[in-house]
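Following: one structure in structure tokens, then a few remarks.
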Amino acid sequence: MKIVFMGTPDFARDSLEKIYNSGNEILAVVTNPDKPKGRGMKMIYTPVKEFALENNIKIYQPLKVRNNEEFINEIRELNPDLLCVVAYGKILPKELLDIPKYGSINVHGSLLPKYRGAAPIQWSVLNGDKVTGVTTMFMDEGMDTGDMILKDEVSIGEDETTGELWDRLSKIGANLLQKTIEKIDKIVNKEGKTLEQIKKEIGAQKQGEDFTLAPMLNKDMAKIDWNKSSYEIKSLIRGLNPIIGAYTILDDKKIKIWKVKIRTIDEIKEKFPELEEYEYRINGLENGTILFSDNKKGLYVKTIDGVLEILELQGENAKKMDWKSFLNGNNLQSGKIFE
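Residues in the sequence shown are numbered from 33 upward in steps of one, following the working numbering.
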């Protein structure tokens with residue numbers, strides 16, 4: 033198949049690499065403009081651009097796609113069979129989506145229609161979901177509203193972070209895109225088909241209206257509310273790892289928390305047998321109170337419904353480290369309260 037590929041991050045690069053190595057003809061890639069990064073403000077290529085450069089694929093980096101007739105005409109002149117879009121980052125106009133003979137295909141990091149929007153993988157972790165997946169769909173003018181083609185469902189690990197799930201779904205999405213292309217290729221090779229005939233024969237399904245929006249993340253959501261349940265706090269920490277990072281405040285200093293474990297009362301009693309009346313000790317304490325700070329047994333914080341053991345954290349202007357290293361260099365006393 034002759035394909036124009038649109039995408040930006042590593043999640044998209046995996047799909048591009050998969051379909052390129054599967055023998056499809058990649059006419060061009062479209063990716064976001066280079067951005068300055070770091071102290072030296074060096075211009076950084078997107079992962080998709082890096083792959084295109086390595087493989088001598090034509091590259092487009094328009095500042096905008098909508099109302100950009102010059103760019104749209106250039107894509108039209110390429111005469112692609114398919115437009116494949118993976119995490120490109122912009123809603124595309126109908127005049128662009130209508131160019132390919134056999135439709136425009138998107139790889140979306142959720143089991144549609146559950147999460148529509150820019151951050152479906154992040155929100156599945158933030159919301160504490162047990163199951164997620166990847167969906168391929170024919171694109172339309174709406175935001176992730178097109179007819180669904182294939183799905184691949186996976187379980188989310190109890191301690192899995194957004195970063196870990198992102199990497200896993202990236203590979204799954206790449207395989208699903210190639211399967212989708214193969215299914216379309218088999219249909220169109222039989223005889224000339226219209227897009228509507230292709231959709232019907234491939235079994236594309238309309239989406240229902242039972243969906244949740246998954247907007248971009250922002251720093252305002254990163255502060256931990258210790259009045260929430262242990263599970264909710266853990267989901268926030270996992271969901272913002274490695275993007276942004278959940279944080280708390282102690283003595284006017286920000287501490288990012290990267291990894292925690294939910295502990296039961298029985299587990300705490302076993303670790304601290306000297307505390308015969310554990311329940312009595314925490315009854316009435318403010319949520320966010322450091323219950324125990326022991327460089328041999330760990331760091332434990334009270335929540336509204338139990339205890340979180342802090343496993344990995346990061347002080348201001350410091351590196352991420354495990355709890356033992358952190359406690360060796362920081363005085364976190366029992367009884368202090370995280371804001």
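Note that CB positions come from ideal geometry on N, CA and C, so glycine has one too.
- Sequence-distant Cβ neighbours of methionine 171 in its own chain, meaning closer than 6 Å and more than five residues away, are Leu129, Ser136, Asn138, Gly178.
- One Cα belongs to serine 187, the other to glutamate 101, and the distance between them is close to 43 Å.
- The beta-carbon distance between isoleucine 204 and aspartate 184, rounded to whole angstroms, is 5 Å. This is short enough to meet the 8 Å contact definition.
- Restricting attention to alpha helix (DSSP H) runs no shorter than 4 residues, the stretch 78-145 encloses them at 79-86, 101-110, 126-129, ordered along the chain.
- Straight-line measurement puts the Cα of aspartate 284 at about 21 Å from the Cα of leucine 268.
- Following the DSSP letters along the chain, one finds glutamine 346 inside the beta strand (DSSP E) bounded by residues 339-346.
- Annotation: the stretch 176-252 contains the following complete segments of the alpha helix (DSSP H) (minimum length 4 residues), in chain order: 194-222, 227-234.
- As DSSP reads the structure, aspartate 354 sits in a beta bridge with Glu344.
- Bridge pairing for lysine 286: Ile281 [DSSP].
- In the structure shown, the three-state DSSP call for leucine 272 is coil.
- Boundaries of the alpha helix (DSSP H) around aspartate 42: 42-53.
- For glutamate 57, the enclosing beta strand (DSSP E) stretches over residues 57-62.
- As a beta-bridge residue in DSSP terms, threonine 168 pairs with Val139, Leu182.
- For proline 68, the enclosing beta strand (DSSP E) begins and ends at 67-69.
- Taking C-alpha positions only, leucine 249 is separated from aspartate 337 by approximately 26 Å.
- Per the C-alpha coordinates, the member of Leu114, Ser54, Asn53 positioned closest to valine 36 is Leu114.
- Taking 8 Å as the cut-off, the Cβ atoms of threonine 280 and phenylalanine 370 count as close.
- About 6 Å separates the Cβ atoms of leucine 59 and proline 112, confirming a contact at the 8 Å cut-off.
- A straight line joining the alpha-carbon of lysine 288 with that of lysine 133 spans about 49 Å.
- Distance from the Cα of asparagine 207 is smallest, within the candidate group Lys225, Val118, Thr194, for Val118.
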